[in-house]
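Q: Supplied in structure tokens, the structure appears directly below.
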Amino acid sequence: MAGPDGLTGWLGQHDVVFVTAGTPGAVELALDLCDDAGAVVLYGAFAKDVMASVGADRIHHHELSIIGAFSQEPEDWRTAAGLLQSGALAADLDRLVTARYGLADVADALALTVERPVYRVMVGQEAERMSGSSRTSRER
Numbered sequence: 022m023a024g025p026d027g028l029t030g031w032l033g034q035h036d037v038v039f040v041t042a043g044t045p046g047a048v049e050l051a052l053d054l055c056d057d058a059g060a061v062v063l064y065g066a067f068a069k070d071v072m073a074s075v076g077a078d079r080i081h082h083h084e085l086s087i088i089g090a091f092s093q094e095p096e097d098w099r100t101a102a103g104l105l106q107s108g109a110l111a112a113d114l115d116r117l118v119t120a121r122y123g124l125a126d127v128a129d130a131l132a133l134t135v136e137r138p139v140y141r142v143m144v145g146q147e148a149e150r151m152s153g154s155s156r157t158s159r160e161r
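Structure, rendered in structure tokens:
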């Protein structure tokens, strides 16, 4: 089982894997999760100096594709910020987050996404700071 804590064995192989976190580790894990002839879609924002270590032989022999996707322009961010500031969007944007987990509880967070439909599950130190504890969850 490759990947952190054997996640790839637990999550299985997939035809398409989206990377929404702009980190090298996320790219490497996505390639581990990608089935033969599958595709990894790099959707998350990456800093210009971020490099991921991937084996060219693996990509070649497993016929993997890496696809970059970019869907927003600076004007989109300005529009979104304006809508938030004006109050035109729901005042309680926290409702968009189904649950928050600390880093120590990442396995529970992943299990939640399999057990029931969720919109967003936050994992990380930021989630701990925002919730005041290492684990919170709200039923939808």
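Residue numbers (the working numbering): 22 to 161.
Backbone N, C-alpha and C fix where the C-beta goes; we use that ideal spot for every residue, glycine too.
Bear in mind that the values here come from a model prediction, so they are computed numbers and not experimental data.
First and last residue of the beta strand (DSSP E) that includes Arg121?
A: Note, Arg121: beta strand (DSSP E), 120-122.
Q: In chain order, what residues of the same chain lie with their CB nearer than 6 Å to the CB of Phe39, ignoring the 5 residues before and after it?
A: Excluding positions up to five away in sequence, the list reads Val62, Tyr64.
Q: CB-CB under 6 Å to Gln34, same chain, minus the five flanking residues each way: which ones, in chain order?
A: For Gln34, where only same-chain residues beyond five positions count, the Cβ hits under 6 Å are Asp56.
Q: Between which two residues does the alpha helix (DSSP H) carrying Gly103 extend?
A: It spans 95-107 - the alpha helix (DSSP H) in which Gly103 sits, taken as one unbroken run.
Q: For Leu110, which three-state DSSP category applies?
A: Looking at Leu110 - three-state DSSP - the assignment turns out to be coil, as it is neither helix nor strand.
Q: Please check the pair Gly43 and Ala66, which I expect to be a contact at CB under 8 Å, by giving their CB distance rounded to whole angstroms.
A: Going by Cβ atoms, the distance from Gly43 to Ala66 rounds to 5 Å, so yes, they are a contact pair.
Q: Between which two residues does the beta strand (DSSP E) carrying Gly57 extend?
A: In the sequence as displayed, the identity of residue 57 is Asp instead of Gly. From DSSP, the beta strand (DSSP E) with Asp57 extends over 55-63.
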